[in-house]
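Visitor: Please read through the structure below; I'll follow up with questions.
Protein chains: 2
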Amino acid sequence: MKHILTRRTIRKYSGRDIDPKLLDRLFTEAARTQTLGNLQLYSVVVTRSVEGKAALAPAHFNQPMVTQAPVVLTICADFRRTSTWAQCRKAVPGYSNILSFMNASSDALLFTQTFCNLAEEAGLGLCYLGTTLYMPLAIIEALKLPKLVFPVATLTVGWPAEEPPLSDRLPLESFVHSETYHDPTPADIDRFYAAKEALPENKEFVRINKKETLAQIFTDIRYTKKDNEQMSKGMVAALRHQGFI
Amino acid sequence: MKHILTRRTIRKYSGRDIDPKLLDRLFTEAARTQTLGNLQLYSVVVTRSVEGKAALAPAHFNQPMVTQAPVVLTICADFRRTSTWAQCRKAVPGYSNILSFMNASSDALLFTQTFCNLAEEAGLGLCYLGTTLYMPLAIIEALKLPKLVFPVATLTVGWPAEEPPLSDRLPLESFVHSETYHDPTPADIDRFYAAKEALPENKEFVRINKKETLAQIFTDIRYTKKDNEQMSKGMVAALRHQGFI
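Chains as they are written, first to last, in our numbering: chain R, 13 to 257; chain P, 13 to 257.
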């Protein structure tokens, strides 16, 4: 897994398609990931068609990767298949609740990340779309997801046609705690974020957005309280629609 | 990542400790995983002390791995550090909501799985404890997790002292869907679960539990409606306690 050290998010792809056999091998290998009771509480919807990508694009704010990548994968928390299995076997499933949603989400996200590790090792380029959680109902409709299936991650996948610079990371001491959680002091914060705040691209980002600090870019523009609260309502509505609450 | 094909959950560990330098290298490499806005919305609490493991054990139903493993890792969704950063930088954080919890959970679980893949490649043995979501308040208390920090995964880690058989997996067609979700028919279910249901250990499991079908083992014993509903209440209470709802 040496490739992990030089991995970057890839948003531009060559015209080359992805062999379905390669994708199947990666799915098969990623499915070795541990899951709750070995139930594999996930599903992947593979979108290759132009119409399918066009239907998904608005849910992802029309980011160009969605229509330009040869393959879009939507990974879902899935208690449907397991519940149908139970119903076919004289068993009464009890998975219409938030714990079950979290269990299935965990399975889906762990599977997703092994897939990412494998795909990147195979030379593919990926972009993980955080937008999946923003408008889940639009994705549910586009992919015809039945009850107890909920989209938790989207990957656009293709052969890389760019090599962006490596992004920065916070120092280890900012996220590794020994024995109990160490709540960061203002002095800790200064130390943890000094390198990130000093990056020329981040300083430029603050300047062109007419902000005082880099943190304000996140709180005032990228991930605002208002947007988060509105999308939380959408998420709760989607969880209810899919029968998890 | 050839090791993925032969990975198994390891619950028995040799007496050998894990070098802190190895653990730090694995954390550093796992942190190359993509996160929302590169905010790295996770934390890891490393438990090595006898007292620390004893404090965590009840939250994990006293499974012996928790006290026997040299290292227990609790990976948390963490919007605390980012919010404190904002407050130190004239920015007003807005992350006390369910979308933010899901965003941070996603970051934490993706990081967790890259860590798993790296650790297993390095020869370590892991057990992923699904119990983390069952009694989060007990873990929150044991690890002194402040508001906006929530435990989402626990790994017991050590050098393997067993080599259990590989576990089965469902066929690819059961979890990979083309373009839209294909809701499984009873005939599909028969095909998907035939191999799992035919395994001698699963047949024995059904017999000794005096059940009719394997699915009943899951619905009636392992993951019951009653337990799921009760633990869902605990989870909602914990999310409220940590300020996410």
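The beta-carbon is built from N, C-alpha and C at its ideal position, and this holds for glycine as well. Note that the structure is a prediction, hence the values are computed from the model and not measured.
1. Of all the options R:T18, R:A98 and R:K14, which has the alpha carbon lying nearest to the alpha carbon of R:E175?
2. Return the chain-ordered list of same chain residues with a C-beta closer than 6 Å to the C-beta of R:S26, the five sequence neighbours on each side being excluded.
3. Check whether the Cβ atoms of P:V58 and P:T166 sit closer than 8 Å, and answer yes or no.
4. Is the beta carbon of R:V164 sitting closer than 8 Å to the one on R:T144?
5. Report yes or no: is there a C-beta of chain P within less than 8 Å of the C-beta of R:M147?
6. Could you work out which residues of chain P lie near R:I201, taking near to mean beta carbons separated by less than 7 Å?
7. Can you name the residues of chain R whose CB is closer than 9 Å to the CB of P:Q52?
8. Using a Cβ cut-off of 8 Å (strictly closer), state whether R:P177 contacts chain P.
9. In the DSSP assignment, what residue or residues form a beta bridge with R:T168?
10. Closer than 8 Å is the cut-off here; do at least three beta carbon pairs connect the region 109 to 124 of chain R with the region 106 to 124 of chain P?
11. Measuring alpha carbon to alpha carbon, tell me which of P:V169, P:L53, P:K237 and P:L157 ends up nearest P:S117.
12. My output table needs one value for R:D180: the three-state DSSP class, helix, strand or coil.
13. Under 8 Å Cβ to Cβ from P:N109, same chain only, skipping five residues before and after it: list those, please.
14. Excluding the five sequence neighbours on either side, which residues of its own chain have a C-beta within less than 7 Å of the C-beta of R:E209, listed in chain order?
15. Quick one: any contact between the region 196 to 207 of chain P and the region 32 to 48 of chain P, if contact means 3 or more CB pairs under 8 Å?
16. Take P:P259 and list the residues in its own chain whose beta-carbon comes closer than 7 Å to its own, dropping the five residues that flank it on each side.
17. The ligand MG heavy atoms versus the CB of R:Q75: any closer than 7 Å?
18. My understanding is that R:P70 touches R:A150, with C-beta atoms under 8 Å, so please give their C-beta distance in whole angstroms.
19. Just the C-alpha distance for R:P32 and R:T45, rounded to the nearest angstrom, thanks.
20. When the Cα atoms are used, what is the spatial distance from R:N221 to R:K215?
21. At a Cβ cut of 8 Å, what residues of the region 156 to 176 of chain R count as close to chain P, listed as they run along the chain?
22. Answer yes or no: do P:L51 and P:T96 have a C-beta to C-beta separation smaller than 8 Å?
23. Run through chain R and tell me which residues come within less than 9 Å of P:M77, C-beta to C-beta.
24. Need the endpoints of the beta strand (DSSP E) that R:Y54 sits in, please.
Guide: Concretely, from the data shown:
1. R:T18
2. W171 and A173
3. no
4. yes
5. no
6. T96, W97 and C100
7. R181, L182, S186 and F187
8. no
9. R:V84 and R:C139
10. yes
11. P:L53
12. coil
13. F256 and I257
14. L226
15. no
16. Outside the shown range of chain P (13 to 257) lies residue 259 of chain P, about which nothing can therefore be said.
17. Within the structure as shown, the ligand MG is missing, as the structure has no ligands at all.
18. 6 Å
19. 21 Å
20. 10 Å
21. K156, L157, P158, V161, V164 and A165
22. no
23. Within 9 Å Cβ-Cβ: nothing; P:M77 doesn't reach chain R, min ~13 Å.
24. Y54 to T59
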